[in-house]
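To convert, note that position 17 of the sequence shown is 1360 in this note's numbering; the numbers rise steadily by one, no gaps.
Working notes, beginning with the structure itself.
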Amino acid sequence: MGAPSSIEALIEAFKRLPGVGERSASRMAYHLMERDREGAQLLSQALIRAYDSVQHCVKCHSLSEELICSTCQDTSRDSTRLCVVETPADQSAVEKTAAYKGYYFVLMGTLSPLDGIGPKEMGIQSLLDRACDGVVKEVILANNFTAEGEATAFVLTEALKKRGLTVTRLARGVPVGSELEYVDIGTIAHAMVDRRNA
C-alpha cells in the first residue's frame, strides 16, 4: 500500500526546496506527521502568514512586510552608496557583516541567456533608475562569483559607468564559485572592506 496522497503531496512540496531530494523530503514529511504534528501546524501557519504578508519592497526589491522595507526607510544609512546583490539572502549575508551601511538593490537573480533571462527580463532598468537618482555616487556589485554572476556584473558595470557612476566589485576574498549566502561572515566583511573598481 502506497503513502496517502496528502503525504505524497507534502513530499512533493518539500522537494521544491533547494537541496532537498526525494529521501530528505520523505523523511521530513513522515517526521512531521508521525512525531511532530504540532511542528507541522506551526510550519503551515508560518508559511501561510509569510505568503500572505511578504512582498517585494518597491525601492530595493528585497522581501518586506511593508511597501518600503525597514532598510530603505532607515535615514541613518549612507545614501551615496548602493550595494547590488542577487537575492534577499545575499543582502542578509552582507548586512550581518556590519561592514556596510548604505542601501541595497536586489536583482532577484542573474542574467541567463540560455534560460531566456536578459537585461529586460531582470528589470535592470529599475536598477539604473535607482542608481541614477542624483544621490548615489558608488554602486557596489556584490554578485556571486559564478559564471552568471560575473556576466551580470560585467553588463551592469558597463551600463552604470556610462552613466558616470563609480562602480566597485567585492574583493576576491570571496571564493570563486561560491554564493554569498553560504560564505562565512568574516570573509564577506573583508571582501566588502577591500572592494575594488570594477
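Glycine included, each C-beta is placed from N, C-alpha and C at the ideal position.
Bear in mind the structure is a predicted one, so any value in this text is a computation, not a measurement.
| Item | Value |
| --- | --- |
| Mind pulling the beta strand (DSSP E) runs of 3 or more residues that sit fully within the stretch 1356-1430? | 1421-1428 |
| From Y1373 to R1366, what does the alpha carbon distance come to, in whole angstroms? | 11 Å |
| Would you call the CB atoms of G1445 and R1420 closer than 7 Å? | yes |
| Does the stretch 1468-1476 come into contact with the stretch 1504-1514, if we say contact requires no fewer than three beta-carbon pairs (one atom in each stretch) closer than 8 Å? | yes |
| Taking DSSP as the reference, what is the three-state secondary structure of L1484? | strand |
| Using CA atoms only, rank isn't needed, just tell me which of E1481, L1471, G1452 and G1529 is closest to T1305. | The structure shown does not extend to residue 1305, since the chain is modelled only from 1344 to 1541, so the question has no answer here. |
| Cβ of R1512 within 7 Å of Cβ of L1471? | no |
| Just the Cα atoms here: how many angstroms apart are L1375 and H1404? | 33 Å |
| So does the stretch 1431-1446 actually touch the stretch 1529-1539, counting three or more Cβ pairs closer than 8 Å? | yes |
| Out of A1432, V1363 and R1392, which one is the CA nearest neighbour of E1408? | R1392 |
| Pull the bridge partners of G1445 from the DSSP assignment, please. | D1421 |
| For N1486, is the classification buried or exposed, using 16 other Cβ atoms within 10 angstroms of its Cβ as the cut-off for buried? | buried |
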